[in-house]
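Input: a single structure, listed below in structure tokens.
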Amino acid sequence: MASLEKKFARLYDENIEKIFRFVFLKVDSKETAEDISAQVFTKSWKIFQSGTEIKNPSAYFFQLARAAIADHYRQKARFHTLSIEEIEIVGFSADPEESRQLKIDIADLMGHLKKIGDDYQNVLIMRYINNMPIKVIAQSMEKPEGTVRVMIHRGLNQLREIMGAR
Amino acid sequence: MKSEIRGLKKLQLIMPDKNWVILTKKRILGANNVRQVEGAGLAGWFSNLEYTWRLALGRHSGLVAVLSTLVILLTTGVGFLTYQNQNLKGLLVELGPKDNSQNLTASLNNVQKSLEDINVALDNLEKTKSPDQVLAITEVVRVTASNGQEVISTIKHDSQSEIPKNVMASLDAVQKTSQALEAKSVAVQKDLLEDYIQDLKQRTLSAEDEERLQKVEEYYKQGKTSEALILLIRIGAK
């Protein structure tokens with residue numbers, strides 16, 4: 000059991016930030032993002048313990064995250080207005096005014112991202128924010144790699160239109 | 000496309016709360032596995048302590064500077080604490096001449112001193128920070144101190160015959176101080192948690208927060224401190 004725990008602990012360390020970031024960008028609430036992210040790892044730990052083989056754990060975590068986000072919207076379906084105080088950034092600037100401005104920019108960007116199609120949001124977050132390889136994104140989205148590339152391209156086009164329309 | 004991608008890259012700065020990351024891991028896997036911090040062994044342990052004290056004391060803290068120096072000293076001066084191998088037997092082979100074990104002893108003695116400083120600083124923490132911050136910080140200190148003891152126990156158990164006497168004495172001292180640090184964190188948490196729960200019971204809370212408070216009390220009675228803290232931090236949060 001000890002080596003399984005070690006292995007899972009390492010996967011947790013490698014993926015927790017990416018999963019949290021992905022969920023936060025989709026749900027706009029720090030508390031909900033924490034709950035959903037914890038749920039993802041709790042569920043996947045149970046699967047690990049059961050001995051089920053998971054070929055690509057990162058892709059699996061994202062699949063669980065997407066499903067949990069969809070459940071969240073189905074069950075709760077209430078809007079949450081994001082406060083910039085919920086945005087936690089690390090390693091930027093000690094200057095409070097600069098940090099505040101960055102948080103405002105980030106909240107703005109999150110708003111733009113929300114306006115494009117859900118699947119396009121997902122692939123852009125995974126590719127450009129979480130730096131995931133196309134192969135892993137394809138496994139997470141359960142789509143062919145070629146389709147993912149097209150989605151990324153279309154997602155960026157939509158985002159450009161939205162940002163250009165400000 | 001470049002400006003959109005540049006914009007998206009800014010979102011990489013979004014990070015989860017580090018306390019929440021550690022507490023959640025502990026909740027899912029149990030206390031034994033919070034040792035899996037970045038960099039195994041004593042270096043990882045001290046990186047975690049250093050982070051804790053950055054949270055607690057802010058950038059102006061001399062203690063944080065001391066801890067940073069210690070981590071660098073440990074990881075470069077002696078040359079073995081930068082990663083995966085917790086097998087002190089292998090490390091001692093690398094150490095070689097007596098001089099190196101003296102360096103190691105000196106480093107451990109400095110660590111010992113810093114742990115003692117942290118122990119004293121815990122007394123002042125309550126006065127300088129809000130209760131929920133103190134609780135979160137003491138939980139991280141407690142888990143980190145506990146992990147540190149385990150790391151040292153493992154090192155001593157695996158390599159007892161190979162460890163020079165002076166190094167062993169220093170390891171013992173660090174272990175003992177870590178035990179004291181853990182015990183103090185637990186005591187601070189217990190008192191604070193009880194007071195905080197009673198205080199919140201007197202206040203007018205939203206229905207959601209009332210529910211959270213009930214759960215906090217349940218977890219506290221069951222000894223599930225991490226779970227209690229995660230919920231407590233959310234009470235009254237926007």
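If you read the protein sequences in the order shown, they are chains A and B.
All residue numbers for the first sequence refer to numbering that gives the first Met the number 0, where the first residue is 0 and numbers rise by one.
All residue numbers for the second sequence refer to numbering that gives the first Met the number 0, where the first residue is 0 and numbers rise by one.
For every residue, glycine included, the Cβ atom is placed at its ideal position computed from N, Cα and C.
I need the DSSP call for residue i, collapsed to helix, strand or coil.
{"i": "P86 (chain A)", "result": "The amino acid occupying residue 86 (chain A) in the given sequence is Ile; Pro does not appear at that position. In the structure shown, I86 (chain A) sits in coil (DSSP, three-state: anything other than H, G, I, E or B)."}
{"i": "I136 (chain B)", "result": "helix"}
{"i": "I13 (chain B)", "result": "strand"}
{"i": "Q197 (chain B)", "result": "helix"}
{"i": "T104 (chain B)", "result": "helix"}
{"i": "H59 (chain B)", "result": "Its pLDDT being 33, under 50, H59 (chain B) is placed unreliably in this model, and the coordinates cannot settle the point."}
{"i": "G6 (chain B)", "result": "helix"}
{"i": "K138 (chain A)", "result": "At residue 138 (chain A) the sequence reads Gln, which differs from the Lys that was named. Q138 (chain A) falls in the helix class under three-state DSSP."}
{"i": "S205 (chain B)", "result": "coil"}
{"i": "D94 (chain A)", "result": "coil"}
So with CB distances below 7 Å, who are the chain B contacts of residue i?
{"i": "T31 (chain A)", "result": "Simply none; closest approach about 11 Å."}
{"i": "F23 (chain A)", "result": "I13"}
{"i": "Y119 (chain A)", "result": "Ordered by position in chain B, no residue passes the 7 Å Cβ test against Y119 (chain A), which lies about 12 Å from the chain."}
Which residue wins for smallest C-alpha separation from residue i, given the options the options?
{"i": "N146 (chain B)", "options": "B:D16, B:D171, B:L28, B:S177", "result": "B:S177"}
{"i": "E160 (chain A)", "options": "A:M125, A:K142, A:K114, A:M140", "result": "A:K114"}
{"i": "Q111 (chain B)", "options": "B:S169, B:L228, B:V185", "result": "B:S169"}
{"i": "S184 (chain B)", "options": "B:L121, B:Q101, B:L107", "result": "B:L121"}
{"i": "D245 (chain B)", "options": "B:K175, B:A179, B:A186, B:V139", "result": "In the structure as shown, chain B begins at 0 and stops at 237. Residue 245 (chain B) is therefore absent and cannot be evaluated."}
{"i": "I128 (chain A)", "options": "A:A69, A:F19, A:G116, A:L3", "result": "A:F19"}
{"i": "D12 (chain A)", "options": "B:E226, B:L22, B:V150, B:E161", "result": "B:L22"}
{"i": "A144 (chain B)", "options": "B:N118, B:V133, B:L191", "result": "B:N118"}
Buried or exposed: where does residue i fall if 16 or more other Cβ atoms within 10 Å of its Cβ makes it buried?
{"i": "K17 (chain A)", "result": "buried"}
{"i": "A182 (chain B)", "result": "exposed"}
{"i": "T51 (chain A)", "result": "exposed"}
{"i": "S28 (chain A)", "result": "buried"}
{"i": "P96 (chain B)", "result": "Residue placement at P96 (chain B) cannot be trusted, given a pLDDT of 45 that sits under 50; the coordinates are not used to answer."}
{"i": "E210 (chain B)", "result": "exposed"}
{"i": "Q48 (chain A)", "result": "exposed"}
{"i": "T166 (chain A)", "result": "Outside the shown range of chain A, which is 0 to 165, sits residue 166 (chain A), and nothing can be said about it."}
{"i": "T224 (chain B)", "result": "buried"}
{"i": "E93 (chain B)", "result": "Below a pLDDT of 50, predicted positions are generally treated as unreliable, and E93 (chain B), at 44, falls in that range; the measurement from the model is reported next regardless. Exposed, by the Cβ-count rule."}
{"i": "V39 (chain A)", "result": "buried"}
{"i": "K25 (chain A)", "result": "buried"}
How would you list, in chain order, the residues of chain B whose beta-carbon sits under 9 Å from the beta-carbon of residue i?
{"i": "A37 (chain A)", "result": "W19, T23, R26, I27, I229"}
{"i": "M162 (chain A)", "result": "S2, E3, G6"}
{"i": "L155 (chain A)", "result": "M0, E3, I4, L7"}
{"i": "D104 (chain A)", "result": "G6, K9"}
{"i": "L68 (chain A)", "result": "In the sequence as displayed, the identity of residue 68 (chain A) is Ile instead of Leu. The premise fails here: I68 (chain A) is roughly 16 Å from chain B at the closest Cβ pair, so nothing lies under 9 Å."}
Which chain A residues sit within Cβ distance under 7 Å of residue i?
{"i": "R233 (chain B)", "result": "E30"}
Chain B partners of residue i, CB-CB under 8 Å?
{"i": "I46 (chain A)", "result": "Those within 8 Å of I46 (chain A) in chain B number zero; the least Cβ separation is about 12 Å."}
{"i": "I136 (chain A)", "result": "Ordered by position in chain B, no residue passes the 8 Å Cβ test against I136 (chain A), which lies about 14 Å from the chain."}
Can you check the region 145-189 of chain B for any beta strand (DSSP E) of at least 3 residues that lies completely inside it and give the ranges in chain order? none
Just list the beta strand (DSSP E) runs in the region 5-88 of chain A, keeping only unbroken ones of 3 residues or longer that don't cross its boundaries, in chain order. none
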